[in-house]
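The block underneath contains the structure these notes are about, expressed in structure tokens.
Residue numbers (the working numbering): 25 to 192.
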């Protein structure tokens, strides 16, 4: 997916490949006001491949998303020197190959209340297996024993998940 700004809600970005960056989404700012970042809300970004930003490349606001099983370089190649860092809230970054975050600038993403494999500094972040139902076969729903259930913050929560199921 090639994006020029806006909001994606309850979407699945899966099984894509890019030659250089943005296996799942490549954010391209073209200097238009209001189109310098993409918001992802309750989305799944999985099984994408690229040498840089295997899941996402660009500036993003990520809320209640799962970013998992992406292959290649960094999972989120974050940039956006003109408009500030990417933000990640109530999300899961797990079972990805490569580094979790690579910044193109000195602006590291602001990550809060998320499960980040190998850890990431920020309030409420944890490094625990999210216990997906069957990640190997593309089922990234949370099992009933997942540490992600109830561990996020309600400030950034939507009432339903990607499958339309009410959140606890």
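No residue lacks a Cβ here, since even glycine has one placed at the ideal position from N, Cα and C.
- For the 9 Å CB-CB criterion, residue 147 and residue 118 do not form a contact.
- Here residue 62 really is in contact with residue 84; their C-beta atoms are around 5 Å apart, less than 8 Å.
- When DSSP reads this structure, residue 111 sits in a beta bridge with 85 and 134.
- A direct Cα-Cα distance of roughly 11 Å separates residue 49 from residue 73.
- Close CB contacts of residue 31 within its chain, under the 7 Å cut and outside five residues either way in sequence, are with 63 and 65 (chain order).
- Under DSSP, residue 156 shares a beta bridge with 166.
- Assignment of residue 76 by DSSP, reduced to helix, strand and coil, places it in the strand class.
- Only buried fits residue 111, as 16 or more other CB atoms lie within 10 angstroms of its CB.
- When the Cα atoms are used, residue 92 and residue 135 turn out to be separated by approximately 16 Å.
- Per DSSP, residue 118 is one residue of the beta strand (DSSP E) stretching across 116-118.
- For residue 30, the pairing in a beta bridge is given by DSSP as 62.
- Looking at 176, 51 and 171, the one whose alpha-carbon comes closest to that of residue 100 is 51.
- Per DSSP, residue 99 lies in no beta strand (DSSP E) segment and is marked neither H nor E.
- Where residue 36 is concerned, the enclosing beta strand (DSSP E) starts and stops at 36-38.
- The beta carbons of residue 140 and residue 171 sit about 12 Å from each other, so the pair does not count as a contact at 8 Å.
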